[in-house]
Amino acid sequence: MASVEADPDLPKEVLQSLESFHEALGKVDDAFKPLLETSVEDIKDQLDPIECAKLDLVVAYAINSMFWMFLITQGIDPKNHPVRQELDRIKKYMGKVKDAKEKKQASMRIDQGAAKRFVKSALWQPNSEDKKECKDKTQETNVTTEEKPKVEKRKSEGRASNDKRKKKKK
């Protein structure tokens, strides 16, 4: 960056302020170079609609902020200038874009309470008669499963005795 030329009539504080302003202006220029080198349409083609709106708002806010600074350098109070209303309007739209983005993200999240209610209502719930039938069937199943080892034991004993008889006949 080129430094601000020293003027013997200016106080040292003013020169330091001018130097820092000049550096900040260089940083702004560096930040806007990528935007200025490519067309807006090319940039917007790569973005979704919410991101495009954010880009438009950031550019508008930056331009109006620079105009605000220009007014200050000209000795005009920007607080009473229409640029203030424009900056407020842009801030309002930034809030709307932020709300839209939050709503989009909120719709992507799962409402766990609603999911539980949905699954619970979709599942079969037995009434009192069904519960009695289920208990009866469960008891029958328990009795059957308790009897199965005994039945298997008898079958194996029967086979063993049949095998003995066959051996005796031979």
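Start counting the sequence shown at 44; every next residue gets the next number (this note's numbering). Glycine included, each C-beta is placed from N, C-alpha and C at the ideal position.
Tell me the residue span of the alpha helix (DSSP H) that contains residue 153. What you label residue 153 is simply residue 110 of the sequence shown in a count that begins at 1. DSSP places residue 153 in no alpha helix (DSSP H); its state is neither H nor E.
Does the contact criterion of 3 or more C-beta pairs under 8 Å hold for the region 132 to 145 versus the region 98 to 118? The answer is yes - the region 98 to 118 touches the region 132 to 145, with three or more Cβ pairs under 8 Å.
Look at the Cβ atom of residue 79, then the Cβ atom of residue 107, and state whether they are nearer than 7 Å. Your numbering for residue 79 matches position 36 in the sequence shown. Your numbering for residue 107 matches position 64 in the sequence shown. No. Outside cutoff.
Quick check for students: name the residue ranges of the alpha helix (DSSP H) that lie wholly in the region 116 to 155, counting only runs of 4 or more. Runs found: 125 to 151.
Residue 170 (DSSP reduced to helix, strand or coil): On the sequence shown, position 127 is the one that residue 170 refers to. The answer is coil: DSSP assigns residue 170 none of H, G, I, E or B.
In the DSSP assignment, the alpha helix (DSSP H) including residue 63 goes from what residue to what residue? Taking the first residue of the sequence shown as 1, we reach residue 63 at position 20. Per DSSP, the unbroken alpha helix (DSSP H) holding residue 63 starts and ends at 55 to 80.
Among the residues of its own chain, which have a CB less than 8 Å from the CB of residue 132, if the five just before and after it don't count? Taking the sequence shown and counting its residues from 1, one reaches residue 132 at position 89. The answer is none, since no qualifying residue turns up.
Would you mind reading off the limits of the alpha helix (DSSP H) that contains residue 244? The shown model of the chain, from 44 to 213, leaves out residue 244, and the question about it has no answer.
Hey, is the region 88 to 97 in contact with the region 109 to 119, meaning 3+ C-beta pairs nearer than 8 Å? Judged by Cβ distances under 8 Å, the region 88 to 97 makes no contact with the region 109 to 119, as fewer than three pairs qualify.
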